[in-house]
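Last residue of the sequence shown: 275 in this note's numbering, with the numbers rising by one and none dropped. Heads up, the beta-carbon is just placed ideally off N, CA and C, and yes, glycines get one too. Report on one structure; see the data block that follows.
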Amino acid sequence: MKVEVLGCSGGMGAGEYTTCVRINDQLLIDAGSGLGTLSQSEMLKIQQVYLTHAHLDHVCFLPLLLDNLFEQLHSPLQVCALPEVIAVLKTHLFNWSIWPDFTTLPNTQSPVLEFVPVDRAYAVVAGVKQVSPIKAHHVVPACGYRIESDEGKVFCFSGDTSFDPQVVDAYDQLGSIDCLMLECAFPDRLQHIADQSRHLTPHSLAGFIRSLKKPPGALWITHLKPAFRDEIQAQLTQCKLPVDLKFLSSGDTFIL
Ligand SMILES: [Zn+2]
Ligand SMILES: [Zn+2]
């Protein structure tokens with residue numbers, strides 16, 4: 020399974036792109052500004068987009084993707100998300116005020132966009148056996164995703180979440196995880212802001228990992244706010260977690 024980190028930043032800046040992960044060329048997890056690094060021909064290969072939640076840094080390039088693909092797709096682009104997330108996108112984004120409602124364009128019989136609740140979604144991408152949601156604890160309805168390849172490799176992405184016993188329980192139910200991509204937005208001195216916005220700091224991330232019955236094989240850190248990158252990296256390195264730790268950069272590609 021090929022995992023490409025098109026964007027993994029918690030903010031913007033030169034070379035910084037927000038969350039978007041491409042799997043086997045055809046599946047996206049989130050549609051942040053990292054999506055804008057793809058060429059038109061690469062965009063045309065996308066079959067499904069799984070969204071973790073409706074915050075702007077995770078969906079901002081979805082409207083532009085649909086605009087690019089308009090009249091070039093033979094079947095609708097599937098956007099899979101929690102029902103609450105789909106409702107927010109319909110009300111606040113694809114509402115004809117911010118952007119057209121692409122579920123009715125060019126007509127309702129063959130639209131360019133199809134929303135699919137994650138509990139009814141199934142992977143249609145070659146090499147991907149299953150995509151299933153994982154509990155997250157954020158300020159809005161949100162989930163992570165577990166992606167299993169045909170070869171049985173398991174990649175999990177937390178989306179935006181805080182350290183919560185129910186989230187730990189959910190990860191403990193998943194069995195072996197080859198690689199976990201986990202957010203860490205703020206340094207420890209901003210724990211109060213992280214708690215308010217339900218994000219992780221190095222301290223709470225370490226608590227999360229140490230609470231798991233079985234740590235993942237590899238831990239990829241994502242969603243660092245650019246202003247705090249060095250501070251977060253130094254604090255997380257000091258935690259000496261019992262995992263293979265990697266700080267992601269936009270453009271990183273891995274084969275699992
Ligand atoms: Zn968020
Ligand atoms: Zn975010």
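By the CB criterion at 9 Å, V107 and V68 fall outside the cutoff.
Of the other Cβ atoms in all chains shown, 16 or more fall within 10 Å of the Cβ of I166; this residue is therefore buried. Per DSSP, T110 is one residue of the alpha helix (DSSP H) stretching across 102-111.
Taking 8 Å as the cut-off, the C-beta of E202 counts as close to a heavy atom of ligand 2. The beta carbons of T180 and H157 sit closer together than 9 Å.
In this structure, the beta-carbon distance from D207 to F174 does not fall below 9 Å.
With the rule of 3 Cβ pairs closer than 8 Å, the segment 138-151 does not count as touching the segment 111-123. Sequence-distant partners of D44 (beyond 5 residues in either direction) whose C-beta falls short of 6 Å from its own C-beta, in its chain, are K64.
DSSP places P119 in the coil class of the three-state scheme, outside both helix and strand. In this structure, DSSP gives R208 a helical state, which the three-state scheme calls helix. Look at the beta carbons and you see the segment 52-63 touching the segment 76-94: at least three pairs across the two are nearer than 8 Å.
Counted as a single uninterrupted DSSP element, the beta strand (DSSP E) harbouring R41 occupies residues 39-42. With a cutoff of 9 Å on beta-carbon distance, K232 and D191 are scored as near each other. In the structure shown, T180 falls within a coil segment according to DSSP collapsed to helix, strand and coil. One thing to note: L219 has its Cβ no nearer than 9 Å to the Cβ of A237. Distance from the CA atom of V131 to the CA atom of T241, rounded to whole angstroms, is 31 Å. Listed as beta-bridge partners of S151 by DSSP are R165. The C-beta separation of C79 from T110 comes to about 17 Å, leaving the pair out of contact by the 8 Å criterion.
With fewer than 16 other Cβ atoms inside 10 Å of its own Cβ, E90 counts as exposed. Our two residues, A50 and L88, have alpha carbons roughly 14 Å apart in a direct line. Just so you know, the alpha carbons of E23 and E250 end up roughly 25 Å apart. In this chain, the alpha helix (DSSP H) harbouring M62 covers 59-63. Relative to the non-hydrogen atoms of ligand 1, the Cβ of V135 never comes closer than 8 Å to any of them. Residue nearest to P234 within the set M200, F247, S216 is M200 (criterion: CA-CA distance).
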